[in-house]
Amino acid sequence: MRPDHLRDRVRQWRAVGDRDATTRPDPAAPAPTHTPVVVAVIVAFNRRDLLHESLTAVLNQTRAPDRVIVVDNASSDGTDSMVAQDFPSVELVRLGTNSGGAGGFAVGLSLAVAAGADHIWLMDDDTVPTTTALQESLRALRAVADEADLIASRVVWSDGRDHPMNMPRVRPFAPGRDHAAARAFGGYPVRSASFVSVLVAAEAVRRVGLPIADYFLWNDDFEYTSRILRAGRGYLARGSLVVHKTAVFGSTDVDPGPRFRLEVRNKIWMLAKSHALAPHERLVYSASTLRRWARTFARSADRRRLTANLGRGLVEGFRGRPRGNAEALAVVGIDITGIANLEAAVADRRSRALR
Numbered sequence: 001m002r003p004d005h006l007r008d009r010v011r012q013w014r015a016v017g018d019r020d021a022t023t024r025p026d027p028a029a030p031a032p033t034h035t036p037v038v039v040a041v042i043v044a045f046n047r048r049d050l051l052h053e054s055l056t057a058v059l060n061q062t063r064a065p066d067r068v069i070v071v072d073n074a075s076s077d078g079t080d081s082m083v084a085q086d087f088p089s090v091e092l093v094r095l096g097t098n099s100g101g102a103g104g105f106a107v108g109l110s111l112a113v114a115a116g117a118d119h120i121w122l123m124d125d126d127t128v129p130t131t132t133a134l135q136e137s138l139r140a141l142r143a144v145a146d147e148a149d150l151i152a153s154r155v156v157w158s159d160g161r162d163h164p165m166n167m168p169r170v171r172p173f174a175p176g177r178d179h180a181a182a183r184a185f186g187g188y189p190v191r192s193a194s195f196v197s198v199l200v201a202a203e204a205v206r207r208v209g210l211p212i213a214d215y216f217l218w219n220d221d222f223e224y225t226s227r228i229l230r231a232g233r234g235y236l237a238r239g240s241l242v243v244h245k246t247a248v249f250g251s252t253d254v255d256p257g258p259r260f261r262l263e264v265r266n267k268i269w270m271l272a273k274s275h276a277l278a279p280h281e282r283l284v285y286s287a288s289t290l291r292r293w294a295r296t297f298a299r300s301a302d303r304r305r306l307t308a309n310l311g312r313g314l315v316e317g318f319r320g321r322p323r324g325n326a327e328a329l330a331v332v333g334i335d336i337t338g339i340a341n342l343e344a345a346v347a348d349r350r351s352r353a354l355r
């Protein structure tokens, strides 16, 4: 679906609400509250059956999202035809090339913001939210008086254990008022989160921009949510529960094979070339990264291959840097004018702030 069609459909939805509203409200009635427009964005690649399960769960929420966008990363397993046939209300955006999770979320976020979303609910195609997941995220948002840039869900594996890949990092030295506010929904302030299930404020997207498409996979969500939360506020909402149906239960220090190159390259980009972390945080995360890589090597069954991927990642990370999204996504086969305009506005705002 073209972005302008998506914008038209959101305008139509809002217009219906305007026509149905009473023209002369009772002065004794309580002041109306704004009902936020929530757009769910799911990035998919060759996991048709899991995507079907995810979409079924998303559309059967106790508080359903107002729109659902699936960004299909050039899947070859019939994902596009399945979505069109079984979920006709879902907006399907099919890319001509695989842009990775990073590129897919950049595309989806830009479309959702352009269409008038107040909040964007991000998740992977192997994420299955429980029926009250979105309702609980919005309850947490209300508990902090809408003063949050993101609300992260609690992520468990198929057997109900907390998934170690998706544990939001606790925000150190968070103000007492933030902890007090989070206790109302059993949560805590966070410094970063994953894209497995996170509710992001559109205003935060307009402030910091989009995920960096050139990250492709690994650390794109860490970098992006850290960038948002460097000067923003975010929380974990334990009541917002989703199941992450990865093939195995594992953590980020398990040997990822060839993808270790992306872990190394992207972590260097983030630590050395991103605005996501303050200088003291870069030192802390650099040390924790080295410890995690050491554990990865200790557990690896093929250290020669792991060493080769470490070397490639180091070279690419230190010698190169990620391209702007307008350049990186120029080959995906859709109109990216909205992405270019959004990022130009962010760059202009940053430039004016430095003057």
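In terms of UniProt numbering, the sequence shown opens at residue 1 and continues consecutively.
Just so it is clear, CB atoms sit at the ideal spot from N, CA and C, and this is done for glycine as well.
Since the structure is predicted, the reported quantities are computational estimates derived from the model, not experimental observations.
Count the other CB atoms within 10 Å of the CB of residue i; is the residue buried (16 or more) or exposed (fewer)?
i	result
F173	exposed
H163	buried
T337	exposed
T23	With a pLDDT of 39 at T23, under the threshold of 50, the modelled position of that residue is not reliable, and no figure is offered here.
V155	buried
N341	exposed
R161	exposed
E263	buried
H119	buried
P30	Low local confidence applies: a pLDDT of 47 at P30 is under 50, so the model's placement there is unreliable, with the coordinate-based value given in what follows. The residue is exposed, with fewer than 16 neighbouring Cβ atoms inside 10 Å.
P211	buried
A287	exposed
P258	exposed
D178	buried
A231	exposed
D86	exposed
R299	exposed
A344	exposed
Taking 6 Å as the limit between beta carbons, can you name the residues of its chain near residue i, skipping five residues before and five after?
i	result
V71	V43, V93, G104, V107 and G108
V331	T97
S274	E223
residue 375	Because residue 375 is not part of the residues shown, which for the chain are 1 to 355, the question remains open.
N266	Y215, W218 and N219
V113	A202 and V205
S194	N166 and D221
V83	V70, V90 and L92
A328	A213 and D214
S192	R169, F222, T225 and S226
Any idea which residues DSSP pairs residue i with across the strands?
i	result
M123	I42
D72	A44 and R94
I151	L199 and Y235
R67	V39
P129	V242
V156	D162 and V243
Using a Cβ-Cβ cutoff of less than 8 Å, which residues in the same chain neighbour residue i once the five nearest sequence positions on both sides are dropped?
i	result
F260	T296, L306, N309, L310 and G313
E147	R233
R303	F297
L290	none
Considering just the uninterrupted stretch of the alpha helix (DSSP H) at residue i, what are its terminal residues?
i	result
Q85	T79 to D86
R261	F260 to K273
I334	Where I334 is concerned, there is no enclosing alpha helix (DSSP H), given that its DSSP letter is neither H nor E.
R312	R303 to R319
D220	D220 to L229
G103	G100 to A114
Y285	P279 to R299
A328	N325 to A328
Should residue i be counted as a contact of the ligand NAP given a C-beta to heavy atom distance under 7 Å?
i	result
F318	Absence of the ligand NAP from the depicted structure is noted, as is the absence of any ligand whatsoever, leaving it without description.
Counting only the same chain and skipping the five closest in sequence on each side, list residues whose C-beta sits under 7 Å from that of residue i.
i	result
V128	E53, S54, A57, V242, V243 and K245
L236	A152, R154, P168, G187, Y188 and V190
Y285	L271 and L277
N60	T131
A143	A181, A184 and F185
S110	L210, G338, I339 and L342
V196	M123, D124, T127, V155, N166, V242 and H244
request  = Let me know the alpha helix (DSSP H) ranges lying completely inside the segment 161–213, each 4 residues or longer, listed in chain order.
outcome  = 176–183 and 202–208
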